[in-house]
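This report refers to the structure that appears directly beneath it.
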Amino acid sequence: MSTEKTGNFTDHESESESEYESILNSHCRAADEIERLGLNHSIQTAIRSANLETFIALVEGPHRDVLRIPYMDHRKSLLDKAAQDAGNNDSPAILSYLLEHGMSIKRINTLILITSDASVAIYEVLLRHGWDVNKRIASLRGGLGTTLLSSATENKEIAKWLLEHGADPNIKDGNDETPLDFAAAHSSPDIVELMISFGARVRFSDVFVSATRGNSGIPMMQYLLGNGCDINAHDHKHNPDFSERTFGKRKSRHDKVLTPLQWTIRNSNLDRTQFLLESGADPNAPNYEGETAWQWAAKHTYREPMEMLLQFARDDDPQKHVAKNLAALQKPSWKEMKARKAAERNSADRDSESDW
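Heads up, the sequence shown stops at 379 in this note's numbering, and the numbers go up one at a time, no gaps.
Encoded structure:
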């Protein structure tokens, strides 16, 4: 029976039992030999010290064949691991040497490089060897993964380098999110401004909703409103009329159709709720299921946001809000809230009178 091989991967299903056992034994022997000789430690030391000469002596020495045998889960060799480690430990010369001597660039997980703070020099090595800056990184949840630019939104130097070398800020991942969405949710206004300068289309994404939901906070929301974003924008990518994605399991539909104001209520971000109301957000703006912020808050009994909405109505135009949300305001949660607030005001008035 024939054996199909691709790089260091072997299709074991096409092999006879004896062939598979032979390969398994070779993997085990390689692992034993690597441990006995301390090759992993020696190679790691050379990589961390960026000592190319020592590294070459190790990988081209008498044990060179052992280093090329898959032993990690029977799939990766020590040299495969060395290539990733060279990137993670910012050793561009060693990474370049490996790629120039036949190591496949597919062995490098660029998402791990971002988390290890690899320098621009590492990405320059990858680019010289055919790396696609817009390649989607496989998602553990299946479906389309994200691009490296989305993962680099907290590293301005890398984000700028990627954009300068062709990274597309408008590519959507399997969850319909663009790098601009990620930046709005988790980064700073200067990163968003950088992406816009390289062609990121604000109306192409749910950038303001992303800022509302993420951890970038009010400064990002202020920046986006100052640049023309709609404060009542729908979360269009989560429209329930859209077809179901194959990207993992969808969350509750009620988490997916909200206005920015409703997202702040949903996440109990009271400072953001207050900011949006003061900035002109309409609590009567419906989401894709036709629910206003009043109805949403009553339905899910978000008590503190409910108090905030009541105060807003008193300061604005009570009749306008009552007329549109009468059914919601008849719910027990709202009646209890209004009764409690009335009792608190009466108590405060009595205390004030007693002071006289």
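Think of the CB as a built atom: it goes at the ideal place given N, C-alpha and C, for glycine as much as any other residue.
Considering Cα atoms alone, identify which of the options is closest to residue i.
i: Leu121; options: Ala320, Asp103, Ala316, Leu248; result: Asp103
i: Thr324; options: Val280, Gln285, Pro202; result: Gln285
i: Glu177; options: Asp155, Asp229, Pro212, Pro85; result: Pro212
i: Lys179; options: Thr169, Glu200, His209, Ile131; result: His209
i: Ser173; options: Gly189, Ile288, Asp196; result: Asp196
i: Gly125; options: Arg326, His188, Arg91, Gln334; result: Arg91
i: Leu136; options: Ile181, Pro306, Arg98; result: Ile181
i: Leu186; options: Phe78, Lys99, Asn63, Val215; result: Val215
i: Ala109; options: Asn132, Arg98, Arg87; result: Asn132
i: His86; options: Glu314, Ile145, Asn63; result: Asn63
i: Val225; options: Gly249, Ser239, Asn238; result: Gly249
i: Gly251; options: Glu83, His188, Val230; result: Val230
For residue i, list the residues DSSP reports as bridge partners.
i: Ile160; result: Thr169
In angstroms with no decimal places, state the Cα-to-Cα distance between residue i and residue j.
i: Ile219; j: Lys183; result: 12 Å
i: Ile117; j: Trp154; result: 17 Å
i: His261; j: Val232; result: Interpretation of His261 is limited by its pLDDT of 48, a score under 50 that renders its predicted location unreliable; no figure is taken from the coordinates.
i: Ile46; j: Asn111; result: With a pLDDT of only 45 at Ile46, under the threshold of 50, the placement of this residue in the model should not be trusted; the figure read from the coordinates follows. Ile46 and Asn111: Cα-Cα distance of roughly 30 Å.
i: Lys272; j: Met244; result: Low per-residue confidence applies at Lys272: pLDDT is 39, beneath 50, and the placement is therefore not dependable, though the value from the model is reported in the following sentence. Using only the alpha carbons, I get a separation of about 29 Å.
i: Pro17; j: Thr201; result: Because the chain spans 24 through 379 in this model, residue 17 falls outside it and cannot be assessed.
i: Val89; j: Thr68; result: 18 Å
i: Ile139; j: Ile241; result: The sequence shown places Ser at residue 139, not Ile. Each residue's alpha carbon lies about 29 Å from the other.
i: Leu150; j: Leu203; result: 23 Å
i: Asn193; j: Thr169; result: 11 Å
i: Leu293; j: Glu147; result: 44 Å
i: Ile79; j: Lys129; result: 21 Å
i: Pro115; j: Arg289; result: 46 Å
i: Gln107; j: Gly61; result: 19 Å
i: Arg326; j: Leu332; result: 10 Å
i: Ser239; j: Arg71; result: 34 Å
Go to residue i, then tell me how far its alpha helix (DSSP H) extends in each direction, as first and last residue.
i: Asn255; result: Here Asn255 belongs to no alpha helix (DSSP H), and DSSP marks it neither H nor E.
i: Glu147; result: 143 to 151
i: Asn74; result: Counting along the chain, Asn74 falls outside any alpha helix (DSSP H), and DSSP gives it neither H nor E.
i: Asp155; result: No alpha helix (DSSP H) holds Asp155; DSSP gives it neither H nor E.
i: Phe221; result: Per DSSP, Phe221 belongs to no alpha helix (DSSP H) and is neither H nor E.
i: Leu281; result: Taken as a continuous stretch (DSSP letters only), Leu281 belongs to no alpha helix (DSSP H), as it is neither H nor E.
i: Lys129; result: Taken as a continuous stretch (DSSP letters only), Lys129 belongs to no alpha helix (DSSP H), as it is neither H nor E.
i: Gly249; result: 241 to 249
i: Ser233; result: 230 to 236
i: Ile194; result: Note, Ile194: premise wrong, no alpha helix (DSSP H); not H, not E.
Could you check how far apart the C-beta atoms of residue i and residue j are, in whole angstroms? I think they sit under 8 Å.
i: Ala320; j: Pro328; result: 5 Å
i: Leu75; j: Ser65; result: Actually they do not touch by this definition, with Cβ atoms about 14 Å apart.
i: Leu247; j: Ala207; result: 7 Å
i: Ser302; j: Ile254; result: 6 Å
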